[in-house]
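In mature numbering (1 follows the signal peptide of the UniProt record, and there is no 0), the protein residues as written are -36 to -1, 1 to 131.
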């Protein structure tokens, strides 16, 4: 008796219990190949261009991410809360480590198109006077419909790259 691959596959799907063990093992390769073809088609459908409709990106909200100094192997965790208001928006920032907040201050955020500029400011006490000093600037671009920002900058005379996500 001669069986084609299609009829064997159909017979296997309908009556698995009547097929001998050795035949079942031989057929498992064919079934896997059929599954692989299906998965390949599904992947191609997922990789097709799907346009995203996005509203205008907003800098206001809560942001978390990391700063990675260019010449170092450490990662600094950054959290920001930027309040709505007139441009430039203002808010707070803090560097967070295992023991809690390492440093904190205020942030000024400005947006022009897709470009974002973040200025980090910190209050310092010198000679019984509070001085507000700019410690760094971060420049980046919105990504993923405004849910992420990535770019580079300088803080305390150190170059770095950064990545932030809105939450």
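Beta carbons are placed, not taken as given, at the ideal position from N, Cα and C, and that holds for glycine.
Using DSSP with H/G/I as helix, E/B as strand and the rest coil, what is residue i?
i	result
residue 17	coil
residue 104	strand
residue 120	coil
Would you mind giving the Cβ-Cβ distance between residue i and residue j, rounded to the nearest angstrom? I have them listed as a contact below 8 Å.
i	j	result
residue 74	residue 65	Rounded, the Cβ-Cβ distance is 25 Å, inconsistent with contact.
residue 96	residue 87	5 Å
residue 123	residue 106	That pair is no contact at about 22 Å.
List the residues that DSSP assigns as beta-bridge partners of residue i.
i	result
residue 126	31 and 115
residue 96	87
Comparing the C-beta of residue i with each C-beta of chain C, is any distance below 8 Å?
i	result
residue 18	No chain C appears in this structure, which consists of one protein chain only.
_My parser needs the beta strand (DSSP E) runs of 3 or more residues fully inside the stretch 16 to 80; what are they?_
Within the stretch 16 to 80, the complete beta strand (DSSP E) runs of at least 3 residues are 25 to 33, 40 to 46, 53 to 61 and 64 to 76.
_Contact between the stretch 92 to 100 and the stretch 33 to 52 is defined here as three or more beta-carbon pairs at a separation below 8 Å; is this criterion met?_
no
*Would the stretch 24 to 32 and the stretch 40 to 47 be scored as touching if the rule is three or more Cβ pairs under 8 Å?*
yes
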